[in-house]
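**Q** The listed protein sequences derive, respectively, from chains A, B, C and D.
Sequential numbering from 1 applies to the first sequence in the working numbering.
Sequential numbering from 116 applies to the second sequence in the working numbering.
Sequential numbering from 231 applies to the third sequence in the working numbering.
Sequential numbering from 346 applies to the fourth sequence in the working numbering.
A virtual CB, placed ideally from N, CA and C, is assigned to each residue, including glycine.
Source: prediction; values computed, not measured.
Protein chains: 4
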Amino acid sequence: MATIKKLIDRIIVFRNERDWKQFHNPKDVALSLSLEASEVIDHFQWKSKEEIEKYIISHKEEIGEELADVLYWVLLMSHDLNIDIIDALDKKLRKNEEKYQIDKAKGKHTKYNKL
Amino acid sequence: MATIKKLIDRIIVFRNERDWKQFHNPKDVALSLSLEASEVIDHFQWKSKEEIEKYIISHKEEIGEELADVLYWVLLMSHDLNIDIIDALDKKLRKNEEKYQIDKAKGKHTKYNKL
Amino acid sequence: MATIKKLIDRIIVFRNERDWKQFHNPKDVALSLSLEASEVIDHFQWKSKEEIEKYIISHKEEIGEELADVLYWVLLMSHDLNIDIIDALDKKLRKNEEKYQIDKAKGKHTKYNKL
Amino acid sequence: MATIKKLIDRIIVFRNERDWKQFHNPKDVALSLSLEASEVIDHFQWKSKEEIEKYIISHKEEIGEELADVLYWVLLMSHDLNIDIIDALDKKLRKNEEKYQIDKAKGKHTKYNKL
């Protein structure tokens with residue numbers, strides 16, 4: 001299965017062929033990340049739980065495309081800022097394991113500082 | 116290097132241990148995606164190009180953590196909606212290769228429908 | 231009751247006293263607008279309809295504060311871009327009255343281009 | 346000049362004629378607020394300071410329309426949650442006057458907790 005590294009390589013080739021690095025300053029790249037996340041939300045707004053369930057089945061491809069857009073920018077930004085995103089996710093999960101201890105957090109949607 | 120699949124597995128174990136699946140409806144998960152993307156932006160606001168360059172060097176860990184949060188939700192949502200995110204990214208890149216033909220798009224930050 | 235103009239005047243006095251105009255470029259101001267809107271959302275995430283109803287009653291002040299932050303940036307941006315926001319809202323409502331004709335749109339959450 | 350109250354009244358008439366109150370739960374309304382704020386940002390992305398200056402002059406109407414959309418949702422939400430938005434903005438400005446004392450905050454884009 002694809003490694004993160006291969007995906008990043010492909011994204012960078014795509015960008016280099018188009019000479020787009022010049023536009024990819026961190027502020028605008030972060031904006032893209034946010035704008036694409038908004039497009040994911042767009043699919044679920046004004047819909048009830050039942051409507052969403054049906055919608056997901058009939059629009060899986062479209063939602064997948066929006067999620068791919070978000071992933072694209074996460075990987076590109078990690079690359080440009082020289083961040084090892086696998087390592088970052090690993091660290092964050094460890095941190096959350098500490099913050100949300102199983103015995104306290106189980107079954108609760110409470111922020112760690114209120115547990 | 117880590118595959119996407121292994122990361123997803125780890126995220127799902129983390130969630131199952133805390134019995135949090137019950138809260139993860141698509142609308143609220145999409146909101147998390149968007150809220151975490153906003154936290155990435157937060158690092159770059161009100162800063163000039165030069166300030167951002169310095170900031171990135173001294174805050175790489177914090178930015179990496181925010182990007183990891185976004186990745187966390189992309190992977191969790193893909194899993195829950197039964198979307199193959201690798202395949203989705205692959206398709207999206209192919210689509211963008213079509214939309215942004217190298218000879219037309221090179222060196223321009225113009226939307227494909229205005230090229 | 232307060233007019234929009236008086237509110238804008240007060241915001242501009244607040245800013246001028248602090249000499250903050252130099253930071254208020256349109257991109258960063260638009261970011262503030264979006265970040266404050268995210269803080270409004272934050273109040274409603276992970277909550278069921280019933281939980282939200284209770285939450286609103288006990289957190290009216292906090293939510294009002296976030297909405298005020300959004301309004302602050304709408305008014306400041308309108309001012310800086312020399313946009314008459316009252317006129318803009320008036321025009322937009324007229325446009326929406328056209329797009330969402332009562333007989334077609336009544337009781338439906340469908341986008342105008344799908345009505 | 347228009348008072349906030351008159352604008353709210355008009356928005357509510359527009360909504361009632363279309364029988365849309367049934368869809369306007371706080372979570373989805375907050376989403377609208379955020380999605381419309383994203384559309385404001387969209388106008389400024391990938392553009393340099395100089396490009397933005399030109400763009401604003403030639404696209405004032407479009408930007409005004411997006412700001413009007415944000416204002417629409419701020420006013421509608423205030424109304425539905427029974428929040429006096431004028432009073433909320435007044436309180437917030439007073440609070441910010443305290444947090445950002447002129448002698449400390451003048452000419453600085455530093456968060457109050459770091460001043």
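#1: Under 7 Å Cβ-Cβ, which residues of chain B neighbour W276 (chain C)?
#2: Quick one: does I120 (chain A) have its CB under 8 Å from some CB of chain B?
#3: Between the beta-carbon of A232 (chain C) and the beta-carbon of I357 (chain D), is there less than 8 Å?
#4: Quick check on H194 (chain B) - is its C-beta less than 8 Å from some C-beta in chain D?
#5: Out of curiosity, what's the CA-to-CA distance linking E280 (chain C) and D429 (chain D)?
#6: From L412 (chain D) to D103 (chain A), what does the alpha carbon distance come to, in whole angstroms?
#7: Out of curiosity, what's the CA-to-CA distance linking I167 (chain B) and P26 (chain A)?
#8: Is R360 (chain D) close to chain C, meaning its C-beta is less than 8 Å from at least one C-beta of that chain?
#9: Please state if the CB of I8 (chain A) and the CB of L75 (chain A) are separated by a distance shorter than 8 Å.
#10: For the stretch 79-100 of chain A, which residues have a beta carbon sitting closer than 8 Å to at least one beta carbon of chain E?
#11: Terminal residues of the continuous alpha helix (DSSP H) containing I402 (chain D)?
#12: Closer than 8 Å, CB to CB, is S379 (chain D) near chain A or not?
#13: Whose CA, out of C:H309, C:K338, C:K290, C:L323, lies closest to the CA of D426 (chain D)?
#14: With distances taken from CA atoms, which of D:K440, D:K399, D:N458, D:N361 is nearest G337 (chain C)?
#15: Might you give, ordered along the chain, the residues of its own chain that have their beta carbon closer than 7 Å to the beta carbon of S147 (chain B), omitting 5 neighbours on each side?
#16: Please list the terminal residues of the continuous alpha helix (DSSP H) segment that includes I198 (chain B).
#17: Over what stretch of residues does the alpha helix (DSSP H) that includes N361 (chain D) continue unbroken?
**A** Concretely, from the data shown:
#1: F138, D143
#2: Nothing about residue 120 (chain A) can be read from this structure; chain A reaches only from 1 to 115.
#3: no
#4: no
#5: 23 Å
#6: 46 Å
#7: 8 Å
#8: no
#9: yes
#10: As a matter of chain content, chain E is missing from the structure shown, whose protein chains are A, B, C and D.
#11: 394-403
#12: yes
#13: With the sequence shown as reference, residue 426 (chain D) is identified as Leu, and Asp is not the correct amino acid for it. Of the candidates C:H309, C:K338, C:K290, C:L323, the one whose C-alpha sits nearest the C-alpha of L426 (chain D) is C:K290.
#14: D:N361
#15: W188
#16: Element bounds for I198 (chain B): n/a, residue is neither H nor E.
#17: 349-363
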